Structure formats: structure tokens, C-alpha cells
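Following: one structure in C-alpha cells, then a few remarks.
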Amino acid sequence: MFDLTKNLHSLQFEAGLKEEEKNLIHLRSRSAALTESSCAHALSYCQLAQRLRTNMSKLSGLSANARAVRELSVGIIGGGHLGQQLARVIEESSGINARNIKVSSRRPEALAQLSAMGIECFYDNQRLASWADVLFLCCLPSHLLQVCADIKTHLSHHCIVYSLIATAPVHRLAQLLGHTSILRPAYQFVSCETGWPRPHLPEHSVATALESVQQTTATCPLTMSSGVCIGVAWLPAVLYSLLNMCCSVLPPEGALDLLNQLLRLQPDSALSAHHLISQSSVSTPLRHLPWISLVDVQSKDTPLSRHLMKSPVLMECLLALYLPTLTPGGSKDQEISS
């Protein structure tokens, strides 16, 4: 989109600022960093989850339940700036069909651009929660109590609630929802001096920005720079959530094999039950892997978080996976052959 005000300095955002306000201009950069990082990480998660479900449905010898695995359904509650940006990014870059993305907003009539993309927009949080496999919370903090009251009895056990509401910690969300499959990335700004690769974020351009290798690299959760970082608990929680997906339709060995293939881990560096669950659980006959509470994973040390810190091979594999997942249709060349 062409910016008509680009060379008209009197119409630029900074032109009307007082001197003391100009000292706060770095907050625009921070806002850009947080929005792009949030969307990039959410997109990467959707790509991995979609790829995993596709691979589960393609593997031979699975149960009838596993063969019935459908495409990932993504719901977004909140049609404000972040919700709209996230919907666009997922539709344009994830390979997930627009018919599998829905948005619930108090003003669905204001989401004409998303509707034109084929994304269904309406105002019915309960309907969305009942339908979604991954449900993003992008509503205002002031609406959170009502949203949680609306959806808490409509979430399936396997639905991943992915919260982008910075003011609500994961334990608070678990209390409000009565649900443990919650991902809540915790972002921190580590320096006011460090700049983001772009000075500010035009409202329409998150998806376009993430096409840049420089921008995408800046959002990588393992090497995040430019003043913003994500909590160390997020990556283990993502991997545990993928393991839960596998375990819902596969026996332990098959679930671990599928997760290792997704992560492209070779046999000598593959994840085993010892890397994922407590030693006391591993010592018993492993007929099934326990369901992992993502709330607990994000609030305490885990076998996987310890292994991740000590395994450069696993870190390299995760790093190699991240950039390709942010390319449009990036999951298609990663599927496991039948």
C-alpha cells in the first residue's frame, strides 16, 4: 500500500509531538516489536500444530480415531488491532485454509477486510470455543472476565487456549477457565536503547514485515534481539502441547516417533520419555504418556526444559524449524510420507 504522507513531514506522527513526548517515541518501536513477535510466534505454533495433525492423518496403521483427524481449526476472540493482524498473518502465511479460521468480535461488521479474505466473523464466543482446536485470546483485559465466563464450559479438553493478554498470568487464566491447556507467552523488554529492525509498524503490514528475513530472524524465540525477549518456559510448553496432541490418538512410542520426526531429530538425539516426564513415571510400565498440564509446565522446571538447556542439537533443530514455518505454505514440504 502506497503511503501518501511519506515525504510530507508536517503530517508525520512525530510532527505534533512536544519535546517531552519525543522522549517516549521509542514506545512505538516497542509496540511494533511486541506485535510482530506475538504474531510470528502464534503463526509458528499454528504451522507446527497443523503439520503435526496432517502427519497424524497420513501415517499408516493408525486407529480409526487418528485417521479422522481433521485440519486445524483456529479461533480468535477479539477483533481489534492485534486480533485482525493475527488473523491476516495466519490466513496469508500458515497454509491453513480461511474456512478454518474464525473470529468472534463485538463488532463483526467492522471486520469487512477479514470477511473478504474468507474468514468468518461473528459475535458468539461460545460457538467459537466449541469449534476451535487453537483459541487465541486477543480481547481487551477489561473484557477478559466476561470472555472466560462465556467460554469456560465450551472448551474441549484438547483445545489449546493461546492468550496474548499481557495482564493475565497463566495461573489466573487457568482459574478463570478451569482449563490447563493454556499457552501464555511472557514477553519482556530488556533495553530501551535497542531498536527494532523497523522504526514503527504501519497498521496493515505485519504479514508483509514477516516476509523479511531480518524481521523474522529478530522474532526467533531462541535468538530474540532488539530489546524484546520471550520467557524460557514458552518453548517447552509448545513442545509439551504438541506431545499432548500426539498422545490423544497414538500410543507412547508412536507419539514420540511423530514428535521426533516433526522436529527432525536423528535417532542419536531423539527425545525419549526420560526427556519429557519424571523418572518415577518412566520407571512404571509405559502404556501411555500422561496428559501434561501446560499451566504447570510454564510455572516450574521440567525434564524437557532442563534437556533443552543442555542439548545444542535440539536447539539447532528448533532454530532450523522456525524460519521455514513462517513462509507461506511452509508446512507442505515437511509432511511425513505415508
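For the sequence shown, my numbering gives the first residue as 111, with consecutive numbering after it.
We put the beta carbon where it would ideally sit given N, CA and C, even for glycine.
Quantities reported herein were computed from a predicted structural model and do not represent experimental measurements.
State the start and end residues of the unbroken beta strand (DSSP E) segment that holds Ser-214. Your numbering for residue 214 matches position 104 in the sequence shown. Ser-214 -> beta strand (DSSP E) spans 211-214.
Do three or more CB pairs link the region 215-225 to the region 136-150 at distances below 8 Å? no
On the DSSP letters alone, give me the boundaries of the beta strand (DSSP E) that Leu-245 sits inside. On the sequence shown, position 135 is the one that residue 245 refers to. Its beta strand (DSSP E) spans residues 244-247.
Per-residue DSSP class, three states only, for Ser-204: Along the sequence shown, one-based indexing puts residue 204 at 94. Under the three-state reduction of DSSP, Ser-204 is assigned to coil, being neither helix nor strand.
CB Val-316 to CB Val-199, shorter than 8 Å? Within the sequence shown, numbered from 1, the residue matching residue 316 stands at position 206. Within the sequence shown, numbered from 1, the residue matching residue 199 stands at position 89. Yes, the Cβ-Cβ distance between Val-316 and Val-199 is below 8 Å.
Three-state class that DSSP yields for Gly-185 in the structure shown: Within the sequence shown, residue 185 is the residue found at index 75, counting from 1. DSSP, read as helix, strand or coil, puts Gly-185 in strand.
Can you give me the C-alpha to C-alpha distance between Tyr-155 and Gln-256, rounded to a whole angstrom? As a first step, residue 155 is located in the sequence shown; it is residue number 45 there, counting from the start. As a first step, residue 256 is located in the sequence shown; it is residue number 146 there, counting from the start. Approximately 26 Å, taken between the alpha carbons.
Using alpha carbons as the reference points, say which of Leu-399, Leu-375, Ser-403, Leu-265 lies closest to Pro-422. The sequence position of residue 422 within the sequence shown is 312, counting from 1. Of Leu-399, Leu-375, Ser-403, Leu-265, the residue nearest in Cα terms is Leu-375.
Using CA atoms only, rank isn't needed, just tell me which of Cys-339, Gly-188, Gln-195, Ile-206 is closest to Arg-180. Taking the first residue of the sequence shown as position 1, residue 180 is located at position 70. Selected option, being the one with the closest Cα: Ile-206.
Kindly indicate which three-state DSSP category Ser-170 falls into: helix, strand or coil? Counted from its first residue, the sequence shown places residue 170 at position 60. Confidence at Ser-170 is low in this model, with a pLDDT of 46, below 50, so its placement is unreliable and the value that follows should be read with caution. Of the three classes helix, strand and coil, the one that applies to Ser-170 here is coil, per DSSP.
Kindly identify the DSSP beta-bridge partner or partners of Leu-293. Here residue 293 is taken as the residue at index 183 of the sequence shown, counted from 1. Assignment of beta-bridge partners to Leu-293 by DSSP yields Tyr-272.
Near His-352, which residues of its chain fall below 8 Å by C-beta distance, leaving aside the five closest residues on each side in sequence? Numbered from its first residue, the sequence shown carries residue 352 at position 242. In the sequence under discussion, the amino acid at residue 352 is Leu, which differs from the His named in the question. Hits under 8 Å: Leu-158, Ala-159, Leu-162, Leu-369, Leu-372.
Residues near Ala-152 by beta carbon distance below 8 Å, same chain, minus five either side: Position 42 of the sequence shown holds residue 152. Excluding residues within five positions, the ones whose Cβ falls inside 8 Å are Leu-196, Val-199, Ile-200, Phe-246, Tyr-272, Leu-274.
Which residues bound the alpha helix (DSSP H) around Cys-231? Locating residue 231 in the sequence shown gives position 121, counting from the first residue. Unbroken run through Cys-231 is the beta strand (DSSP E), 230-232; no alpha helix (DSSP H).
Determine, using beta carbons only, whether Val-348 and Leu-293 come nearer to each other than 8 Å. In the sequence shown, the residue the question calls residue 348 occupies position 238. In the sequence shown, the residue the question calls residue 293 occupies position 183. In this structure, Leu-293 lies closer than 8 Å to Val-348 by Cβ.
When DSSP labels each residue in this structure, what does Cys-330 get in the three-state scheme? Residue 330 sits at position 220 when you count from the first residue of the sequence shown. Coil, per DSSP.
Mind reading off the beta-carbon distance from Pro-413 to Ser-388? Whole number of angstroms is fine, and I expect it under 8 Å. By one-based count along the sequence shown, residue 413 stands at place 303. By one-based count along the sequence shown, residue 388 stands at place 278. With 8 Å as the limit, Pro-413 and Ser-388 qualify as a contact, their Cβ atoms being about 7 Å apart.
Tell me which residue opens and which closes the beta strand (DSSP E) that Ile-340 is part of. Sequence index remark: in the sequence shown, residue 340 carries index 230 (1-based). Run containing Ile-340: 338-340, per the beta strand (DSSP E) assignment.
Residues of its chain near Ile-211, where Cβ-Cβ distance is below 7 Å and the 5 sequence neighbours each way are ignored: Along the sequence shown, one-based indexing puts residue 211 at 101. Hits under 7 Å: Val-184, Ala-197, Ile-200, Glu-201, Ile-229.
Val-338 and Ser-147 closer than 8 Å at C-beta: In the sequence shown, counting from the first residue as 1, residue 338 sits at position 228. In the sequence shown, counting from the first residue as 1, residue 147 sits at position 37. Yes, the Cβ-Cβ distance between Val-338 and Ser-147 is below 8 Å.
So what's Gln-408 in DSSP terms, helix, strand or just coil? Position 298 of the sequence shown holds residue 408. Reduced to three states, the DSSP call for Gln-408 is coil.
Beta-carbon separation (whole angstroms), Leu-404 vs Pro-362, contact threshold 8 Å: Numbered from its first residue, the sequence shown carries residue 404 at position 294. Numbered from its first residue, the sequence shown carries residue 362 at position 252. Between Leu-404 and Pro-362 the beta-carbon gap is near 19 Å, outside 8 Å, which marks them as no contact.
Whole-angstrom distance between Ile-187 and Asp-88, CA atom to CA atom: The structure shown has nothing for residue 88, since the chain only spans 111 to 448.
With DSSP run on the structure shown, which of helix, strand or coil describes Gln-376? Here residue 376 corresponds to residue number 266 of the sequence shown, with the count starting at 1. Looking at Gln-376 - three-state DSSP - the assignment turns out to be coil, as it is neither helix nor strand.
Judging by CA-CA distance, which residue of Ser-240, Arg-209, Gly-190, Ser-204 is the nearest neighbour of Arg-216? Locating residue 216 in the sequence shown gives position 106, counting from the first residue. When only C-alpha atoms are compared, the closest one is Gly-190.
Express the C-alpha separation of Thr-326 and Leu-238 in angstroms, rounding to a whole number. As a position in the sequence shown, residue 238 is number 128, starting the count at 1. As a position in the sequence shown, residue 326 is number 216, starting the count at 1. Going by the C-alpha atoms only, they are around 30 Å apart.
Span of the alpha helix (DSSP H), counted from its first residue to its last, around Ile-261: Along the sequence shown, read from residue 1 onward, the residue named residue 261 stands at position 151. Unbroken alpha helix (DSSP H) run through Ile-261: 254-261.
On the DSSP letters alone, give me the boundaries of the alpha helix (DSSP H) that Pro-218 sits inside. Within the sequence shown, numbered from 1, the residue matching residue 218 stands at position 108. Neither: Pro-218 is in no alpha helix (DSSP H) and is coded neither H nor E.
Opening and closing residue of the alpha helix (DSSP H) in which Ala-284 lies: Taking the sequence shown and counting its residues from 1, the one referred to as residue 284 is at position 174. Where Ala-284 is concerned, the enclosing alpha helix (DSSP H) stretches over 280-287.
Since I believe Leu-320 is in contact with Ala-150 (beta carbons under 8 Å), could you give me their beta-carbon distance rounded to a whole number of angstroms? For the purposes of this step, residue 150 is taken as residue 40 along the sequence shown, with counting starting at 1. For the purposes of this step, residue 320 is taken as residue 210 along the sequence shown, with counting starting at 1. Between Leu-320 and Ala-150 the Cβ distance is about 6 Å, and since that is below 8 Å, they are a contact.
Element boundaries [alpha helix (DSSP H), containing Val-359]: As a first step, residue 359 must be located in the sequence shown, where it is residue number 249. Neither: Val-359 is in no alpha helix (DSSP H) and is coded neither H nor E.
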